[in-house]
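Number of protein chains: 2
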Amino acid sequence: MPGPKQDRAIRTRRTILVAAASIFEERGYQAATISEILATANVTKGALYFHFKSKEQLAEGVLAGQHDNLAVPDRPCKTQELVDTAMLHAYHLQTDPMVRAGARLALDQRADGVDRTGPFHHWTTIVTDLLDKARNQGELLPHVNPVETAEVLVGAFVGIQAMSQATTAYQNLPHTTSALLRHTLPSIVHSSVLTSLDLTPLRALAVHAETQSGTA
Amino acid sequence: MPGPKQDRAIRTRRTILVAAASIFEERGYQAATISEILATANVTKGALYFHFKSKEQLAEGVLAGQHDNLAVPDRPCKTQELVDTAMLHAYHLQTDPMVRAGARLALDQRADGVDRTGPFHHWTTIVTDLLDKARNQGELLPHVNPVETAEVLVGAFVGIQAMSQATTAYQNLPHTTSALLRHTLPSIVHSSVLTSLDLTPLRALAVHAETQSGTA
Chain A
1 MPGPKQDRAI RTRRTILVAA ASIFEERGYQ AATISEILAT ANVTKGALYF
51 HFKSKEQLAE GVLAGQHDNL AVPDRPCKTQ ELVDTAMLHA YHLQTDPMVR
101 AGARLALDQR ADGVDRTGPF HHWTTIVTDL LDKARNQGEL LPHVNPVETA
151 EVLVGAFVGI QAMSQATTAY QNLPHTTSAL LRHTLPSIVH SSVLTSLDLT
201 PLRALAVHAE TQSGTA
Chain B
1001 MPGPKQDRAI RTRRTILVAA ASIFEERGYQ AATISEILAT ANVTKGALYF
1051 HFKSKEQLAE GVLAGQHDNL AVPDRPCKTQ ELVDTAMLHA YHLQTDPMVR
1101 AGARLALDQR ADGVDRTGPF HHWTTIVTDL LDKARNQGEL LPHVNPVETA
1151 EVLVGAFVGI QAMSQATTAY QNLPHTTSAL LRHTLPSIVH SSVLTSLDLT
1201 PLRALAVHAE TQSGTA
């Protein structure tokens, strides 16, 4: 069990990352400075450098931190678990500055020196794993290659969210996520699975509420 | 017919846009300066301001200019024309700095004051138009809503190209474009259309060669 000192270190690290996320989101990676992040986080330079040695490390912390609260409860149907993972991420993009900053950094070509492939690989691994489980349960069509399908779904979702950000400030994201799933899942899973799925945009809020209530 | 003066003005405008595209691609929108664009284009300040009043107008010119050479010849099968439009765009992203700069600007959240929704709407209009034609020829499944499907395809392609840029510097883009089309078209067109389509990655280079040879 972590003691009070570790607790405080974890809280400080989180405070710094939230501040970095807001500055990266507001100013872009290149223009953001460590001084601004220090001022926003209201921590000492020593505390910041204890956790992060450079702006690159801060960006990588934000990219990793966007995944902290994204766990969807286990579902009997792995395809529904995949749908719910996308829907919950859509909800977090609408509501969580850390998740938004991570998505933005991954698409920021000016973020020189930051490993921007991390989030793409992270998500591709998560989706491949869910597709492997779905295949083992007989949910997938026989021709599906889980890695290729995961790359298509992750790449497509990245674009859907960027378009939703640019055109509606994320407001229509649950709807376009639902539309993306309706356009791709028929090429991936058996029709008997399709008929049991909940792909409606309302799913985004419902899954979030479920993760918060602890009833999962 | 344009005279020599107009010809020169068109060439100068194009020179300025190519220079702006390379500076925006290299430095990002926010960091780019008009002085750098002037130096790269090697034109006078007066010539530049004759065509573009501000950095915003230059960016919008680049966003519009990326579409200049994207015409796929008319096809009897409108679904194939849609496939070829995506494949040709994939080829231009690999080879044309103007197209790359346009794609980058559309995803650049630091490009304050630039209407970044332009390219999304432009492409959604083009794809909706092709889907309308495909529907009139009986190629589409009855439930398809061309505007919704166009938004899914454009958003998904934007993400596929961003992921390809970040992970392989566009090298695998014809392959991931092919994979995206194989995952979405079965939900959009009749199976009798699917069997007649060429969705292979080689299509990208083939369509480009066709547009260059003038045999179309």
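The listed protein sequences derive, respectively, from chains A and B. Quick note: the first sequence uses this note's numbering, first residue 1, plus one each step. Quick note: the second sequence uses this note's numbering, first residue 1001, plus one each step. Ideal Cβ positions, reconstructed from N, Cα and C, are used throughout, including at glycine.
8 Å Cβ cutoff met for residue i and residue j
| i | j | result |
| --- | --- | --- |
| LEU88/A | VAL189/A | no |
| VAL1127/B | ALA1150/B | yes |
| GLU25/A | ARG104/A | yes |
| SER178/A | HIS1183/B | no |
| PRO1142/B | HIS1175/B | no |
| GLY1159/B | ASP1108/B | no |
| THR1167/B | THR85/A | no |
| ILE1034/B | LYS1053/B | no |
| ARG1008/B | VAL1083/B | no |
| LEU173/A | LEU199/A | no |
| ALA71/A | ALA1156/B | no |
| LEU197/A | GLN30/A | no |
Cβ-Cβ separation, residue j to residue i (assumed contact under 8 Å), whole Å
| i | j | result |
| --- | --- | --- |
| ILE1016/B | ALA1041/B | 5 Å |
| GLU139/A | VAL193/A | 5 Å |
| VAL1154/B | PHE1120/B | 6 Å |
Cβ neighbours of residue i in the same chain (closer than 7 Å, five flanking residues each side left out)
| i | result |
| --- | --- |
| ALA1216/B | Caution is warranted here: a pLDDT of 43 is assigned to ALA1216/B, below 50, making its placement in the model unreliable, and no coordinate value can be reported. |
| ALA47/A | THR12 |
| LEU38/A | LYS45 and LEU48 |
| TRP123/A | VAL154 |
| GLN1171/B | none |
| GLN137/A | LYS78 |
| CYS43/A | Cys is not the amino acid found at residue 43/A; the sequence shown has Val there. Closer than 7 Å at Cβ, skipping near neighbours: THR12, THR15 and ILE16. |
Spatial neighbours of residue i in its chain, beta-carbon cut-off 6 Å, leaving aside the 5 residues before and after
| i | result |
| --- | --- |
| LYS133/A | LYS78 |
| PRO1146/B | THR1128, LEU1131 and ASP1132 |
| ALA101/A | ALA21, PHE24, GLU25 and VAL62 |
| HIS92/A | VAL99 |
| GLU1036/B | ILE1023 |
| GLY1065/B | LEU1017 and MET1098 |
| ASP1032/B | Before going further, note that residue 1032/B is Ala rather than Asp in the sequence given. Counting only Cβ-Cβ distances below 6 Å, and skipping sequence neighbours, we find ILE1023 and PHE1024. |
| ALA1090/B | LEU1173, PRO1174, THR1177 and ALA1204 |
Cβ of residue i within 8 Å of any chain D Cβ
| i | result |
| --- | --- |
| THR1176/B | Considering every chain present, this structure includes no chain D. Its protein chains are A and B. |
Cβ shell of residue i (< 8 Å), same chain only, five flanking positions each side left out
| i | result |
| --- | --- |
| PRO4/A | none |
I'd like the ranges of any alpha helix (DSSP H) spanning at least 4 consecutive residues and lying wholly in the segment 44 to 131 of chain A. 45 to 51, 55 to 65, 78 to 95 and 97 to 106
Let me know the alpha helix (DSSP H) ranges lying completely inside the segment 1125 to 1206 of chain B, each 4 residues or longer, listed in chain order. DSSP runs (the alpha helix (DSSP H)) wholly in the segment 1125 to 1206 of chain B: 1146 to 1168, 1173 to 1184 and 1191 to 1194.
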